[in-house]
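> Top to bottom, those sequences are chains A, B and C.
Everything in the first sequence is counted per the numbering used here, starting at 175 for the first residue and increasing by one.
Everything in the second sequence is counted per the numbering used here, starting at 45 for the first residue and increasing by one.
Everything in the third sequence is counted per the numbering used here, starting at 10 for the first residue and increasing by one.
Glycine included, every Cβ here is placed at the ideal spot set by N, Cα and C.
Only a predicted model underlies this, so the values are computations on that prediction, with no experimental measurement involved.
What follows is a single structure, and I will ask about it in a moment.
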Amino acid sequence: MDVKDIIKPENLVYKKSRLMSDNVFNFCPGCGHGVAVRTIAEVIEEMGIENDVIGISPVGCSVFLYDFYKFDVVEAAHGRACAVATGIKRVQPDKFVFTYQGDGDLAAIGTGETMHACNRGENIVIVFINNGIYGMTGGQMAPTTLEGMKTTTCPRGRDVKTMGYPLAITPLLAQLPGTYYVTRQSVQTPAAVRKTKKALRQAFENQKNKKGTSIVEIVSNCNSGWGMSPTAANKWMEENMFAKYPLGDMKVDGQLVINNVYEKK
Amino acid sequence: MAKVVGAISVDIERCKGCELCVNTCNQGVIGMSSKVNSKGYHYAMMVKPEACVGCTNCGIICPDGVISVYRTKVEE
Amino acid sequence: MEKRELRLMKGNEALAEAAIRAGADAYFGYPITPQTEVIEYLFETDCTARTGMAVLQAESEVSAINMVYGCAATGHRVLTSTSSPGFSLMAEGISYIAGAELPCLLINVSRGGPGLGTIQPSQADYFQTVKGCGHGDYKLLTLAPSSVQEMADFVALGFDLAFKYRNPVCILSDGSLGQMMEKVYLPEQRPRLTEYPDWATNGTPKGKERRFITSLNLLPQQHELVNIRLQEKYRRMEQEEVRYETIMCDDAEYVIVAFGIIARIAQKSVELLRAKGIKVGLFRPITLYPFPMNQITELAENPRIKGFTSVELNAGQMIEDIRLAVEGRKPVGFFGRLGGMVPTPEEIENAIIKQFDL
Chain A
175 MDVKDIIKPE
185 NLVYKKSRLM
195 SDNVFNFCPG
205 CGHGVAVRTI
215 AEVIEEMGIE
225 NDVIGISPVG
235 CSVFLYDFYK
245 FDVVEAAHGR
255 ACAVATGIKR
265 VQPDKFVFTY
275 QGDGDLAAIG
285 TGETMHACNR
295 GENIVIVFIN
305 NGIYGMTGGQ
315 MAPTTLEGMK
325 TTTCPRGRDV
335 KTMGYPLAIT
345 PLLAQLPGTY
355 YVTRQSVQTP
365 AAVRKTKKAL
375 RQAFENQKNK
385 KGTSIVEIVS
395 NCNSGWGMSP
405 TAANKWMEEN
415 MFAKYPLGDM
425 KVDGQLVINN
435 VYEKK
Chain B
45 MAKVVGAISV
55 DIERCKGCEL
65 CVNTCNQGVI
75 GMSSKVNSKG
85 YHYAMMVKPE
95 ACVGCTNCGI
105 ICPDGVISVY
115 RTKVEE
Chain C
10 MEKRELRLMK
20 GNEALAEAAI
30 RAGADAYFGY
40 PITPQTEVIE
50 YLFETDCTAR
60 TGMAVLQAES
70 EVSAINMVYG
80 CAATGHRVLT
90 STSSPGFSLM
100 AEGISYIAGA
110 ELPCLLINVS
120 RGGPGLGTIQ
130 PSQADYFQTV
140 KGCGHGDYKL
150 LTLAPSSVQE
160 MADFVALGFD
170 LAFKYRNPVC
180 ILSDGSLGQM
190 MEKVYLPEQR
200 PRLTEYPDWA
210 TNGTPKGKER
220 RFITSLNLLP
230 QQHELVNIRL
240 QEKYRRMEQE
250 EVRYETIMCD
260 DAEYVIVAFG
270 IIARIAQKSV
280 ELLRAKGIKV
290 GLFRPITLYP
300 FPMNQITELA
310 ENPRIKGFTS
320 VELNAGQMIE
330 DIRLAVEGRK
340 PVGFFGRLGG
350 MVPTPEEIEN
360 AIIKQFDL
């Protein structure tokens, strides 16, 4: 059968969500952000909540989220996404609110906002992209940068004695009574993306049922920051990032899932 | 016996040549074109179209969502 | 004055009650002396039960102002109150709110600075408030109450001006006004909003163009247009929103310029000086931005006026704006107290006598 007989509207089985705008992503080639951003749009489209959702795009590689989505988005100052989300949610409890934050935004400058939004069990979805580096500003050390990992602000590798240890924040957040669902996923393979999509769907369903804070951490690559090709970066991530940030659920239906909350020894 | 066949279409201008689709497709359908788009990226294309079964893995993994996947059945 | 409820209230409590009655949808704040009664009152009276108004104590002023930002983005009426150090923490958020053209009400019950300073009253946040406390070219329409009555009246006015201009509005008060009790005629309860502006991000109705709120414009051509639009807004404020009060200026030869609590004290000084046959008047700016430039210029051009004295609880800030308005036509002197000290009427009286050696 000729290709042009296959490529017909009735045979279409997959394409970019209609909630995505036509703007080209500002993400680097092969960046996990693109997959994560698109997967969220697919979940929102499938749940049919595009007219009731407000996304929060803070400062970081995610800063142009409002250019990519065809639903309401509010720009937040660096680190303040969870506070902005709280401000929206408190006057519009029936709307869906999600934040989309990087590791610097959520676990460095925004630690206070993140910790307390979770401690209040703010009924929002927090999507947390953990790629162990500050991408937008060109590859500086982040709270989640691994020991010995090189960045422009630890060019000889992160020295934990002077620069602190890699911060696994989601296990901490999982222990706050306000959080209902805390999971760590990735998007470097189709199987992983499907699991992430399921997790995101669960998170938004939790929000619909007013269960409290749901956090979907997505361990991801940063090709330009790590100085690797996308495929090599994903491989490096699986070997190094997953060791420090093991994938899996940490909290389900409000109950801690202890077995892999902590680093696998 | 009906056989599943598939095909992909690539938004060439928006492909950033990251090759994740090439390495994700376990049928070896996708390769990088020798030509480049207006941004100077070599873009993805079907190099072995007959092997495609329309599994959508490439579409899912593409960070920029430039791949649309088609699938149908055909009598052998 | 139509039959309004009369109460004896602290300034801070009057602010809180007035917010509820102004139909506020939400308050996000953080404890800091001398204004913590605002949030305490909102919880005590259970504003949520009364009007459905949300009230939340945030983990910091930085967080609180960003909650205000988020809520303002949905087109709801939202306010916060704080005091000087807290207001400094809110500076970045305020700049974002102005840059994203969002309406909200900010209340600064000032205390002595800099640093931790004191909890006594001060007006040393004048520059920070009217010259912009965050980064970038923006202005805060600033109302300066000088009584508990005005503390109450300026809340609804502040909300309406914020929505009229899609800009943050600031009530610049101080610790004395916040803590002192006075009679106050409370406004009627007006309903909370049920309709929201079409720019508000509260979930786009089906079929309509989705909305987004941002202050980011990487293209300088675009960002300059945004800035020009903001400046046009401020010019309009300067034409339409100037508010002030004059006392005994019609035959005055010397004019005291003072706002807030100091204007109250200065009224007594005017009496004392008048009793000595010295014709002194009081010019009280109510909007610190837009500053009553033209009105002071007019006074300065009046041959009868021999000079001005700016009386402030700081080291001399509003005096600069007075000098800009007077532009050398007449001498402009200054008398101020620092560190939370508040002058007596006699101190001001003596300062005038000394300045003009009367």
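1. Can you list the residues of chain A that proline 214(C) reaches, using a CB-CB cut of under 8 Å?
2. Give a yes or no on whether the minimum CB-CB distance between alanine 259(A) and chain C is below 9 Å.
3. Check leucine 367(C) in the structure and name its three-state DSSP category.
4. What did DSSP end up calling arginine 332(C) once you bin it into helix, strand or coil?
5. Check for me: the alpha helix (DSSP H) holding alanine 171(C) runs from which residue to which?
6. Which chain C residues sit within Cβ distance under 7 Å of isoleucine 262(A)?
7. Note the first and the last residue of the continuous alpha helix (DSSP H) segment covering arginine 244(C).
8. Spatial neighbours of glycine 208(A) within its chain, please: C-beta separation below 8 Å, excluding the five flanking residues on both sides.
9. Provide the residue(s) that pair with phenylalanine 292(C) in DSSP beta bridges, ordered along the chain.
10. Is the distance from the Cβ of tyrosine 354(A) to the Cβ of glycine 295(A) below 9 Å?
11. Taking Cβ positions only, does isoleucine 180(C) come closer than 9 Å to chain A?
12. Measuring straight from C-alpha to C-alpha, what distance separates asparagine 303(C) and phenylalanine 292(C)?
13. When Cβ atoms are compared, which residues of the stretch 203 to 235 of chain A fall closer than 8 Å to chain B?
14. Going by C-alpha distance, which of Ala81(C), Cys113(C), Val71(C) is nearest phenylalanine 96(C)?
15. Where does valine 341(C) sit, in a helix, a strand or coil, going by DSSP?
16. Which one of Ala250(A), Gly234(A), Lys385(A) has the shortest CA to CA distance from asparagine 75(C)?
17. Where do the ends of the alpha helix (DSSP H) carrying alanine 25(C) lie?
18. Which residue marks the beginning of the alpha helix (DSSP H) containing proline 94(C), and which one marks its end?
19. Shorter than 9 Å from the beta carbon of tyrosine 85(B) to some beta carbon of chain A?
20. Would you tell me roughly how many angstroms separate the C-alpha atoms of serine 185(C) and glutamate 46(C), rounded to the nearest one?
21. Closer than 7 Å, Cβ to any Cβ of chain A: which residues of the stretch 103 to 120 of chain B, in chain order?
22. From leucine 320(A) to alanine 281(A), what does the alpha carbon distance come to, in whole angstroms?
23. I want to see whether chain B comes within less than 9 Å of isoleucine 180(A), judged by CB atoms only; does it?
24. Among all the DSSP beta bridges, which residues are the ones paired with alanine 51(B)?
25. So, does the CB of leucine 350(A) fall closer than 9 Å to a CB anywhere in chain B?
26. With distance defined between alpha-carbon atoms, name the residue in Ala267(C), Ala58(C), Val64(C) nearest to tyrosine 36(C).
27. Do we get a CB-CB distance below 9 Å when we pair aspartate 176(A) with the residues of chain C?
28. According to DSSP, simplified to helix, strand and coil, what is proline 177(C)?
29. Helix, strand or coil: how does DSSP classify isoleucine 300(A) here?
30. Under 7 Å between beta-carbons, which chain A residues line up against arginine 219(C)? List them in chain order, please.
31. So the beta strand (DSSP E) cysteine 99(B) belongs to, where does it begin and stop?
32. Quick one: measure Cβ to Cβ for alanine 373(A) and threonine 387(A), integer angstroms, because I've assumed they're closer than 8 Å.
33. Which chain A residues are close to alanine 88(B), counting only those with a beta carbon under 9 Å from its beta carbon?
34. At a CB distance below 8 Å, what residues from the stretch 100 to 124 of chain C approach chain A? Give them in sequence order.
35. When Cβ atoms are compared, which residues of the stretch 301 to 333 of chain A fall closer than 9 Å to chain C?
So, from the listed chains and residues:
1. Start at 1 with the first residue of the third sequence, and residue 214(C) comes out as number 205. Asn225, listed in chain order.
2. Taking the first sequence and counting its residues from 1, the one referred to as residue 259(A) is at position 85. Chain C has a Cβ within less than 9 Å of the Cβ of alanine 259(A).
3. Locating residue 367(C) in the third sequence gives position 358, counting from the first residue. Three-state DSSP puts leucine 367(C) in coil, outside helix and strand.
4. To locate residue 332(C), count along the third sequence from 1; it is residue 323. In the structure shown, arginine 332(C) sits in a helix (DSSP, three-state: H, G or I).
5. The count along the third sequence starts at 1 and reaches residue 171(C) at position 162. Where alanine 171(C) is concerned, the enclosing alpha helix (DSSP H) stretches over 157 to 174.
6. On the first sequence, residue 262(A) is found 88 positions in, with the first residue counted as 1. Those are Gly79, Cys80, Ala82, Thr83, listed as they occur along chain C.
7. Numbered from its first residue, the third sequence carries residue 244(C) at position 235. Note, arginine 244(C): alpha helix (DSSP H), 229 to 249.
8. If you number the first sequence from 1, residue 208(A) lands on position 34. Only Phe199, Phe201 meet the Cβ criterion.
9. Translated into the one-based positions of the third sequence, residue 292(C) becomes position 283. Thr255(C), Val266(C).
10. Residue 354(A) sits at position 180 when you count from the first residue of the first sequence. Residue 295(A) sits at position 121 when you count from the first residue of the first sequence. Against a cut-off of 9 Å, the Cβ pair of glycine 295(A) and tyrosine 354(A) comes out as a contact.
11. In the third sequence, residue 180(C) corresponds to position 171, counting from 1. Cβ-Cβ to chain A under 9 Å: no for isoleucine 180(C).
12. Numbered from its first residue, the third sequence carries residue 303(C) at position 294. Numbered from its first residue, the third sequence carries residue 292(C) at position 283. So the two alpha carbons sit approximately 13 Å from each other.
13. Pro203, Gly204, Cys205, Gly206, His207, Gly208, Val209, Arg212
14. Working through the third sequence from its first residue, we reach residue 96(C) at position 87. Ranking Ala81(C), Cys113(C), Val71(C) by Cα distance to phenylalanine 96(C) puts Val71(C) first.
15. Within the third sequence, residue 341(C) is the residue found at index 332, counting from 1. Valine 341(C) falls in the strand class under three-state DSSP.
16. Within the third sequence, residue 75(C) is the residue found at index 66, counting from 1. Comparing Cα positions, the closest option is Ala250(A).
17. In the third sequence, residue 25(C) corresponds to position 16, counting from 1. Looking at the DSSP string, the run of the alpha helix (DSSP H) that includes alanine 25(C) is 20 to 30.
18. Numbered from 1 along the third sequence, position 85 holds the residue referred to as residue 94(C). Unbroken alpha helix (DSSP H) run through proline 94(C): 93 to 98.
19. Taking the first residue of the second sequence as position 1, residue 85(B) is located at position 41. Closer than 9 Å to some Cβ of chain A, the Cβ of tyrosine 85(B) qualifies, so yes.
20. Within the third sequence, numbered from 1, the residue matching residue 185(C) stands at position 176. Within the third sequence, numbered from 1, the residue matching residue 46(C) stands at position 37. Cα-Cα distance, rounded: 13 Å.
21. Gly103, Ile104, Ile105, Pro107, Asp108, Gly109, Ser112, Val113, Tyr114, Arg115, Thr116, Val118
22. Here residue 320(A) corresponds to residue number 146 of the first sequence, with the count starting at 1. Here residue 281(A) corresponds to residue number 107 of the first sequence, with the count starting at 1. A direct Cα-Cα distance of roughly 14 Å separates leucine 320(A) from alanine 281(A).
23. Along the first sequence, read from residue 1 onward, the residue named residue 180(A) stands at position 6. True, the Cβ-Cβ gap to chain B drops below 9 Å.
24. Here residue 51(B) corresponds to residue number 7 of the second sequence, with the count starting at 1. DSSP output for alanine 51(B) lists Tyr114(B) as bridge partner(s).
25. In the first sequence, the residue the question calls residue 350(A) occupies position 176. Closer than 9 Å: no.
26. Mapped onto the third sequence, residue 36(C) falls at position 27. Per the Cα distances, Val64(C).
27. Taking the first sequence and counting its residues from 1, one reaches residue 176(A) at position 2. So no, aspartate 176(A) is outside the interface.
28. Stepping through the third sequence from its first residue, residue 177(C) is reached at position 168. Looking at proline 177(C) - three-state DSSP - the assignment turns out to be strand.
29. Position 126 of the first sequence, counting from 1, holds the residue named residue 300(A). Reduced to three states, the DSSP call for isoleucine 300(A) is strand.
30. Translated into the one-based positions of the third sequence, residue 219(C) becomes position 210. The answer, in chain order, is Lys244, Phe245, Asp246.
31. Numbered from its first residue, the second sequence carries residue 99(B) at position 55. Element bounds for cysteine 99(B): n/a, residue is neither H nor E.
32. As a working mapping, residue 373(A) is identified with position 199 in the first sequence. As a working mapping, residue 387(A) is identified with position 213 in the first sequence. Between threonine 387(A) and alanine 373(A) the Cβ distance is about 14 Å, and since that is not below 8 Å, they are no contact.
33. For the purposes of this step, residue 88(B) is taken as residue 44 along the second sequence, with counting starting at 1. Within chain A, no residue comes near alanine 88(B); the closest Cβ sits about 11 Å away, beyond 9 Å.
34. Glu101, Gly102, Tyr105, Ala109
35. Within the stretch 301 to 333 of chain A, no residue places its CB atom closer than 9 Å to a CB of chain C.
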